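Numbered by mature numbering (1 follows the signal peptide of the UniProt record, and there is no 0), the letters in the sequence shown go through residues -21 to -1, 1 to 251 in order.
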Amino acid sequence: MRISRIVLGAALACAAAGVHAVPVVLSAAGPNAAAIQATVDAFRASLGALNPNVVGSFGSGRREINWDGVPNAFSAPNNLPGNFFNANSPRGVELSTPGTGLQVSANAGVAPVEFGNIDANYPDIFAPFSAQRLFTALGSNITDVRFFTPGSANASLTNGFGVVFSDVDLAGTTAIEFFDATDQSLGNFFVPQALGNETFSFLGVRFSEGSVISRARITSGNQVLAPGNTLTDLVVMDDFIYGEPIPEPSTLLLLMLAMAAALDVRGRRSLS
């Protein structure tokens, strides 16, 4: 029947929405926080107003993680649970790495700052964009970010994601790759370099079609933080900025497919 074909077509259109996603890229780099501040603020404005860290989806606006409110018990020299920003502080993000763990740097007076607990030289290499904590994966330069309806296990999508990095020395190395709900790549985008220590770089990508990002993979430099390792290119992260996670359209898609099937059956019966 024509109606069922329309419903089925709409469902398939929903499923394929991410295929035609067009990225809008904002990036900047420089010797201090002021050099990237305007670009960071422009990306924030493109996503909308900052939402509170509560359970559920607001449907629009943005969320942020600056690491500074993480309790000392989950900061260096201790590791950060990957679900902290979905369970403990509901912001709809869960983190993982193929390495050995995740870590947020310590507050002054608690442990050496800026990952000085790993190597005493690191506080002279890295600097925080929003004082005073930073974030890194351990045992790997890869961090995976998945989006959920805040405070739930329901996979969700976001329309944009950006990260502040410290000490990106090489071009074409540090990057963020985005994936849609079917785990198809939406593109790999490189972070601009900023020569010297304690520098800052920012990359933010927003997709004009709306919420199509299911997960992001961050590649931070080409080195892994470890005692005695001060080789180029060691990179850590600060602020995460992203659009409000909204539920994936899978439930709607299944409903529309069921409607299409029911209409098809009804149409066949009426013709028999």
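All C-beta atoms in this analysis are idealised placements derived from N, C-alpha and C, irrespective of residue type, glycine included. This one's a predicted model, so the numbers in the text were calculated from it and none came from an experiment.
One Cα belongs to Phe181, the other to Thr18, and the distance between them is close to 8 angstroms. When the Cα atoms are used, Asp47 and Asp162 turn out to be separated by approximately 31 angstroms. Following the DSSP letters along the chain, one finds Ile104 in no alpha helix (DSSP H), marked with neither H nor E. Cβ atoms of Asp217 and Val143 come within 8 angstroms of each other, at about 4 angstroms. Boundaries of the beta strand (DSSP E) around Ile197: Arg194 to Thr198. For secondary structure counted as the beta strand (DSSP E) over 3 or more consecutive residues, the region 205 to 232 holds these complete runs in sequence order: 215 to 222.
Under the DSSP assignment, Arg23 falls in the alpha helix (DSSP H) whose first and last residues are Ala13 to Leu26. Annotation: Phe108 to Asn30 spans about 21 angstroms, alpha carbon to alpha carbon. In the three-state scheme derived from DSSP, where H, G and I count as helix and E and B as strand, Phe64 is classed as helix. When rounded, the separation of the alpha-carbon atoms in Asn86 and Phe219 is 19 angstroms.
Secondary structure of Ala8 (DSSP, three-state): strand. Put simply, the backbone Cα of Phe168 is about 12 angstroms away from that of Ser199.
Scanning its chain for C-beta atoms nearer than 6 angstroms, with the 5 sequence neighbours on each side dropped, one finds around Phe114 the residues Trp46, Val83 and Met216, in chain order. With a cut-off of 8 angstroms on Cβ pairs, the region 89 to 98 is not in contact with the region 121 to 134, counting fewer than three such pairs. Burial is judged here by how many other beta carbons sit within 10 angstroms of a residue's own beta carbon; Ser164 has fewer than 16 and is exposed. Counting along the chain, Gln82 sits inside the beta strand (DSSP E) bounded by residues Gly80 to Val83. Take the alpha-carbon of Val72 and the one of Leu210: they are about 31 angstroms apart.
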